[in-house]
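Before any comments, here is the structure.
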Amino acid sequence: MTNWEKINEQAIQWIKEAGSKIRASFLQQLKIETKTNRNDLVTNMDKETEQFFIKKINEAYTDHRILGEEGFGDVVEDENGVIWVIDPIDGTMNFVHQQRNFAISIGIYEDGIGQLGYIYDVVHDELYHARKGFGAFLNDQRLSPLSEVEIEDAVIGVNALWVTDNHRINRHVLGPLVQNVRGTRSYGSAAMEIAYVASGRLDSYITMRLSPWDFAGGKVIVEEVGGVVTSLTGEPLTITSKSSVFISKPGLHQKISEKYLRSVELN
Numbered sequence: 120m121t122n123w124e125k126i127n128e129q130a131i132q133w134i135k136e137a138g139s140k141i142r143a144s145f146l147q148q149l150k151i152e153t154k155t156n157r158n159d160l161v162t163n164m165d166k167e168t169e170q171f172f173i174k175k176i177n178e179a180y181t182d183h184r185i186l187g188e189e190g191f192g193d194v195v196e197d198e199n200g201v202i203w204v205i206d207p208i209d210g211t212m213n214f215v216h217q218q219r220n221f222a223i224s225i226g227i228y229e230d231g232i233g234q235l236g237y238i239y240d241v242v243h244d245e246l247y248h249a250r251k252g253f254g255a256f257l258n259d260q261r262l263s264p265l266s267e268v269e270i271e272d273a274v275i276g277v278n279a280l281w282v283t284d285n286h287r288i289n290r291h292v293l294g295p296l297v298q299n300v301r302g303t304r305s306y307g308s309a310a311m312e313i314a315y316v317a318s319g320r321l322d323s324y325i326t327m328r329l330s331p332w333d334f335a336g337g338k339v340i341v342e343e344v345g346g347v348v349t350s351l352t353g354e355p356l357t358i359t360s361k362s363s364v365f366i367s368k369p370g371l372h373q374k375i376s377e378k379y380l381r382s383v384e385l386n
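In the numbering used here, the protein residues as written are 120 to 386.
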């Protein structure tokens, strides 16, 4: 039987250690590269942090697999067994330009079910973490169950790109929602925005395309406080595929879906 308590303790220790290394790098010269385009950045710290986790996990759990953003883990094509889904630095552009608004994000899944989730705001030393069935926490403080909110009173996380001409979604779908909510925010880190829904700092988060390492940890945390996590079309998320992501407080998810997303089509 998997000892989730032990894994949780080790994961938190490793995350804090990795965070210290990242903070120390602020005084060093970063090696910055691009991936798919000039705005898709990766640094030596992204790579070194992922390799740090992989080394620790492989030494402690030889039968666990690792799906990492930077590609140093395993090729994961199914959900069997225990899988660590790791984003060493979610919000690399923020890390490079601002040295804030980025996070370490880790989800640990067994046979496709999220068992442990972590989002670590390195700069503010805020660790959002959850174990399935045991609640969610911000550092040592238990997060309260999410309460319902009306659309007109909601603050949602959404990138302004999705209400301009783009190749993912008709800009007229989300435009009316943006006009009717109380406010919108965009922080440049999916993990941070998901954590903010879990802690009540945001009421919803919507984006057209994320990879599993962007949402795996946050999904566990949000669901432990009663939030709803699906694709934009209401489908469940899996750690083996990219997806649109729609996360909301209970009740709000259904209201937005019925009023704005009933006939949504994604490209």
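Positions of the beta carbon are idealized from the N, C-alpha and C atoms, including for glycine. Here the structure is a predicted model, which means the values were calculated and not measured.
| query | result |
| --- | --- |
| What are the boundary residues of the beta strand (DSSP E) that SER367 is part of? | 362 to 367 |
| Give me the residue from VAL274, LEU293, GLY276 with the minimum Cα distance to THR283. | LEU293 |
| In the DSSP assignment, find the unbroken beta strand (DSSP E) run with ASP165 in it and report its ends. | That residue, ASP165, is in no beta strand (DSSP E); its alpha helix (DSSP H) goes 163 to 179. |
| By Cβ distance, which residues of its chain are closer than 6 Å to SER330, with the 5 residues on each side in sequence left out? | LYS361 |
| Alpha carbon to alpha carbon, how far is ASP159 from VAL348? Give it in angstroms, no decimals. | 25 Å |
| Could you please give me the residues that DSSP links to ALA255 through a beta bridge? | ALA249 |
| With DSSP as the reference, please indicate the residues paired to TYR237 in a beta bridge. | ILE225, HIS248 |
| With a 10 Å radius around its C-beta and 16 neighbouring C-beta atoms as the bar for buried, classify MET164 as buried or exposed. | buried |
| Using the Cα positions of TRP123 and TYR180, report the straight-line distance between them to the nearest angstrom. | 12 Å |
| For GLY294, which three-state DSSP category applies? | helix |
| When the distance is taken between beta carbons, is ILE176 closer than 7 Å to HIS183? | yes |
| Taking the C-alpha atoms as reference points, what is the distance between GLU229 and GLY192? | 17 Å |
| Is the Cβ-Cβ distance between VAL274 and ASP197 less than 7 Å? | no |
| Leaving out the 5 sequence neighbours to the left and right, which residues in its chain are closer than 7 Å to ASN213 when beta-carbon positions are compared? | ARG219, ASN220, PHE221, GLY307, SER308 |
| Take ARG142 as the anchor and find which of GLU188, ASP244, TRP203 has the nearest alpha-carbon. | ASP244 |
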